[in-house]
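6 is the number of the first residue of the sequence shown in the working numbering; add one for each residue after it.
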Amino acid sequence: MEPEFSVKLARSGRVIPVYPHQSVLEALQDDGVLIPTSCHQGVCGTCLTTVLEGEPAHWDLFLTPQEQEANDRFLPCCSRSNSALLVLDL
Ligand code: FES
């Protein structure tokens, strides 16, 4: 199966594939990258992560439309990516 997109961890340079059946959060967890979470539904904002490059596909209900348009943060428990690679501040 082809990954839907990948995320790159800026601090280590590691690239982690994200498959259609998993969330970004799950892909990160499977690779040992643990992010604080709570709701897993894009509501609470606990998993908020800074995006350094790429265009997230926002599926959350936490960020305002203006904040979503800035594309500098996203919620990896539910949001995905419009670009082939998202570089995260992790
Ligand atoms: S865990 Fe609540 S928004 Fe991601």
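In this text, a Cβ means the ideal position worked out from N, Cα and C, and glycines have one as well.
- By the neighbour-count definition (other C-beta atoms within 10 Å, threshold 16), Asp35 is an exposed residue.
- Per DSSP, the continuous alpha helix (DSSP H) segment holding Pro70 begins and ends at 70 to 75.
- Secondary structure in the segment 16 to 66: the alpha helix (DSSP H) runs of 4 residues or longer, each lying completely within the stretch, are 29 to 35 in chain order.
- At a cut-off of 7 Å, the beta-carbon of Val12 does not count as near the ligand FES: no heavy atom of the ligand is closer than that.
- Scanning Leu90, Gln46, Leu95 for the CA closest to the CA of Val23 turns up Leu90.
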